[in-house]
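Okay, structure first, notes after.
Numbering (the numbering used here), first residue to last: 6 to 559.
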């Protein structure tokens, strides 16, 4: 995500299976703007560094980044993919578009702006794909480059604009960045921005809303925010500032280490390693175990997630990515040796842990190297390739090109990663039933599970009388609600999206009420961290939980 010319392909013991072309392989290079990111295709034999392409990693809310969100799992190219072979239908469709464009341009009631027409057409085309494929204007592209560098001016929040549901047309906050103006103002995940400096958000595009929130450092902004959907908006005043993304916080917690990773930005893995070294110096004899906190981490650079997982694994596969063709495959393998020498690890995750966070959590879970504690992760398992257009002068295309898979071969796209120890927490006054949006909730998300519902057609007796007809309709309605898998002659099938199955609903764990301690009533406790440290302190409990986790079929 930044102008860093590191070559992931130069690392030893990294296997990249595929053939003949590079589609922004992790850490590869572009000929123009060079960025880090995630997956794609590569030759087994790495090309010269000047011809490699770098990859990005983009997150759930990445469709619209507002002045400060880390990017999550994706790729960046400057010269694009190999030119495809076009069918005759292609030219027919292009001709159709050209005809409509010409008619609008010449005959619309007022003279339209050509730039808006083209952008609208491009946005419309990409909106039929998935939530993470979109067009970036040149300004948006520059902003993205600034964000990936880890320092930029703004509010420090990541946002999306839902196009369906009760929050349709509003700016939804995915996550505030640590130590940003947004975090200092108390903005939270799932807050809705309904008004910006007196202008209503609804009716505007996400780009228009973001443009209203942009500004120079030191300038003031007023926003109206809805948290409880039943309550009136809150009036919040902020001052735009330079947002510096500090990706890693490390400290000792008694005999154990605690490392918080806020985002997988440049040098995140190196910062984790340095943090662990400092903790080991602080604790006599070194730490006895580690808590790795990936909660509310929206992701970041693929190469950083691979390097970070590699710190705790002794070689072996970390992640693989697969595109629509067999050759579009990449496998990332770790190096021999690990940082903690087998000491116990607990990884904290929640619904805000996405993409690159899920790569690390999934690798450590599949390899039975750590216990995962918290709540189910976001489920962002797709890879975006960012293709600059005319070296960025015409913006860039961000296109979903692959899915990534954990070492066991499971895709977490729209599924998420379930923790080994399900430990949801709520705080005093918090609604325990408050929903948390996931990848599966995003309109057009890939791989959302479908459930087949049988709709039984009734026989000809239904037409015997009005009463019989009404009775038949009632019977048909009851049948359509059933989940019978039997085939019925003359029946039809309809599909509906399923966010959570009945089996999942039955296994939900009641949230733990996390109250302030009597000694420090004004301090907010981190009950999930306390639970993780408790497990690490009891080696028998940890070993038993890890052994039990190893038996789970994933």
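Ideal placement from N, C-alpha and C gives every residue a C-beta, glycine not left out.
Note that this is a predicted model, so its numbers are computed, not measured.
Next item on the list: Please look up how many angstroms separate the CB atoms of residue 141 and residue 130, rounded, as I've assumed it's under 8 angstroms.
Entry: The sequence position of residue 141 within the chain shown is 136, counting from 1. The sequence position of residue 130 within the chain shown is 125, counting from 1. In fact, because the Cβ distance is near 14 angstroms, the residues do not count as touching under 8 angstroms.
Margin query: Taking its Cβ as the centre, do 16 or more other Cβ atoms sit within 10 Å of residue 284, making it buried, or is it exposed?
Written below: Taking the chain shown and counting its residues from 1, one reaches residue 284 at position 279. Buried: at least 16 other Cβ atoms inside 10 Å.
Next item on the list: Please classify residue 358: is it buried, with 16 or more other beta-carbons within 10 angstroms of its beta-carbon, or exposed?
Entry: To locate residue 358, count along the chain shown from 1; it is residue 353. Its Cβ being crowded by 16 or more others within 10 Å, residue 358 is buried.
Notebook entry, point to check: Going straight from the alpha carbon of residue 174 to that of residue 339, what length do you get?
Noted result: Sequence index remark: in the chain shown, residue 174 carries index 169 (1-based). Sequence index remark: in the chain shown, residue 339 carries index 334 (1-based). If you take the alpha carbons of residue 174 and residue 339, they lie about 43 angstroms apart.
Check: CA-CA distance, residue 331 and residue 213?
Finding: By one-based count along the chain shown, residue 331 stands at place 326. By one-based count along the chain shown, residue 213 stands at place 208. Distance between the alpha carbons of residue 331 and residue 213 is about 40 angstroms.
Checklist line | Boundaries (first-last residue) of the alpha helix (DSSP H) holding residue 218 | finding: Locating residue 218 in the chain shown gives position 213, counting from the first residue. Where residue 218 is concerned, the enclosing alpha helix (DSSP H) stretches over 211 to 218.
Check: Using a Cβ-Cβ cut-off of 7 angstroms (strictly less than) and excluding sequence neighbours within five positions of residue 143, which residues of its own chain qualify?
Finding: As a working note, residue 143 is residue 138 in the chain shown. Hits under 7 angstroms: 397, 398, 399 and 400.
Notebook entry, point to check: Below 8 angstroms, can you find three or more Cβ-Cβ pairs linking the segment 273 to 283 to the segment 302 to 318?
Noted result: yes
Notebook entry, point to check: Does DSSP classify residue 290 as helix, strand or coil?
Noted result: Position 285 of the chain shown, counting from 1, holds the residue named residue 290. If DSSP states are grouped into helix, strand and coil, residue 290 belongs with coil.
Next item on the list: May I ask you to verify whether the segment 337 to 351 touches the segment 287 to 297, counting CB pairs closer than 8 angstroms and requiring at least 3?
Entry: yes
Margin query: Could you give the first and the last residue of the continuous beta strand (DSSP E) run that contains residue 206?
Written below: For the purposes of this step, residue 206 is taken as the residue at position 201 of the chain shown. Note, residue 206: premise wrong, no beta strand (DSSP E); not H, not E.
Next item on the list: Evaluate residue 447 with the Cβ neighbour count: other Cβ atoms within 10 Å of its Cβ, from every protein chain shown; 16 or more gives buried, anything less gives exposed.
Entry: Residue numbering aside, residue 447 sits at position 442 when the chain shown is read from its first letter. Burial call: buried.
Checklist line | Residue ranges of each beta strand (DSSP E) within the segment 224 to 268, 3 or longer | finding: 225 to 231, 239 to 244, 246 to 249, 253 to 258 and 261 to 266
Check: Using DSSP with H/G/I as helix, E/B as strand and the rest coil, what is residue 308?
Finding: The residue labelled residue 308 in the question sits at position 303 within the chain shown. In the structure shown, residue 308 sits in a helix (DSSP, three-state: H, G or I).
Item checked: Which of helix, strand or coil DSSP assigns to residue 127 -> Residue numbering aside, residue 127 sits at position 122 when the chain shown is read from its first letter. Correct three-state label for residue 127: helix.
Next item on the list: Please report how far the alpha carbon of residue 210 lies from the alpha carbon of residue 384, in whole angstroms.
Entry: Along the chain shown, one-based indexing puts residue 210 at 205. Along the chain shown, one-based indexing puts residue 384 at 379. One C-alpha to the other measures close to 25 angstroms.
Item checked: Whether residue 299 touches residue 354 by CB criterion (8 angstroms) -> Indexing the chain shown from 1 puts residue 299 at position 294. Indexing the chain shown from 1 puts residue 354 at position 349. Against a cut-off of 8 angstroms, the Cβ pair of residue 354 and residue 299 comes out as a contact.
Check: Considering only C-alpha positions, which residue in the set 159, 540 and 552 is nearest to residue 372?
Finding: Taking the chain shown and counting its residues from 1, the one referred to as residue 372 is at position 367. Answer by Cα proximity: 552.
Note to self: Quick check on the burial criterion: 16 or more other C-beta atoms within 10 angstroms. Buried or exposed for residue 362?
What the structure shows: If you number the chain shown from 1, residue 362 lands on position 357. Counting Cβ neighbours within 10 Å, residue 362 comes out buried, since at least 16 surround it.
Next item on the list: Look up residue 321 in the DSSP assignment and say whether it is helix, strand or coil.
Entry: Numbered from its first residue, the chain shown carries residue 321 at position 316. Residue 321 falls in the strand class under three-state DSSP.
Check: What is the DSSP secondary structure of residue 432, counted as helix, strand or coil?
Finding: Your numbering for residue 432 matches position 427 in the chain shown. Strand, per DSSP.
Note to self: Can you give me the C-alpha to C-alpha distance between residue 288 and residue 343, rounded to a whole angstrom?
What the structure shows: As a first step, residue 288 must be located in the chain shown, where it is residue number 283. As a first step, residue 343 must be located in the chain shown, where it is residue number 338. Going by the C-alpha atoms only, they are around 19 angstroms apart.
Next item on the list: Tell me where the alpha helix (DSSP H) around residue 453 begins and ends.
Entry: Locating residue 453 in the chain shown gives position 448, counting from the first residue. Unbroken run through residue 453: none, as it is neither H nor E.
Item checked: residue 102 - containing alpha helix (DSSP H), residue span -> Sequence index remark: in the chain shown, residue 102 carries index 97 (1-based). Per DSSP, residue 102 belongs to the alpha helix (DSSP H) from 93 to 112.
Check: Who pairs with residue 416 in a beta bridge, going by DSSP?
Finding: The sequence position of residue 416 within the chain shown is 411, counting from 1. Residue 416 pairs with 410.
Check: Given residue 242, which residues of its chain have a CB within under 7 angstroms of its CB, disregarding the five upstream and five downstream residues?
Finding: Your numbering for residue 242 matches position 237 in the chain shown. Same-chain partners within the cutoff: 225 and 227.
Margin query: Between the segment 256 to 268 and the segment 185 to 205, can you find at least three pairs of beta-carbon atoms closer than 8 angstroms?
Written below: no
Check: How should residue 192 be labelled, buried or exposed, when 16 other C-beta atoms within 10 angstroms of its C-beta is the threshold for buried?
Finding: Indexing the chain shown from 1 puts residue 192 at position 187. Buried, because 16 or more other Cβ atoms sit within 10 Å of the Cβ of residue 192.
Notebook entry, point to check: For residue 186, does the three-state DSSP call read helix, strand or coil?
Noted result: Indexing the chain shown from 1 puts residue 186 at position 181. Helix.
Note to self: Helix, strand or coil for residue 352? Go by DSSP, reduced to three states.
What the structure shows: Looking up residue 352 in the chain shown gives position 347. Of the three classes helix, strand and coil, the one that applies to residue 352 here is strand, per DSSP.
Note to self: Alpha carbons only, please: which of 386, 428 and 394 is nearest the one belonging to residue 410?
What the structure shows: Working through the chain shown from its first residue, we reach residue 410 at position 405. Residue 410 has its Cα closest to that of 386, out of 386, 428 and 394.
Notebook entry, point to check: Where does the unbroken alpha helix (DSSP H) through residue 365 begin, and where does it stop?
Noted result: For the purposes of this step, residue 365 is taken as the residue at position 360 of the chain shown. Where residue 365 is concerned, the enclosing alpha helix (DSSP H) stretches over 361 to 371.
Checklist line | Coil, strand or helix - residue 395 by DSSP | finding: Along the chain shown, one-based indexing puts residue 395 at 390. The answer is coil: DSSP assigns residue 395 none of H, G, I, E or B.
Item checked: Classification of residue 134 by the beta-carbon crowding that lies within 10 angstroms, buried from 16 upward -> As a working mapping, residue 134 is identified with position 129 in the chain shown. Residue 134 should be labelled exposed.
Margin query: Using a Cβ-Cβ cutoff of less than 8 angstroms, which residues in the same chain neighbour residue 204 once the five nearest sequence positions on both sides are dropped?
Written below: Counting from 1 along the chain shown, the entry for residue 204 is found at position 199. Once the five neighbours on either side are set aside, the close Cβ partners of residue 204 are 217.
Margin query: Given a cut-off of 8 angstroms on the beta-carbon distance, is the pair residue 341 and residue 559 in contact?
Written below: To locate residue 341, count along the chain shown from 1; it is residue 336. To locate residue 559, count along the chain shown from 1; it is residue 554. Not a contact, by the Cβ cut-off of 8 angstroms.
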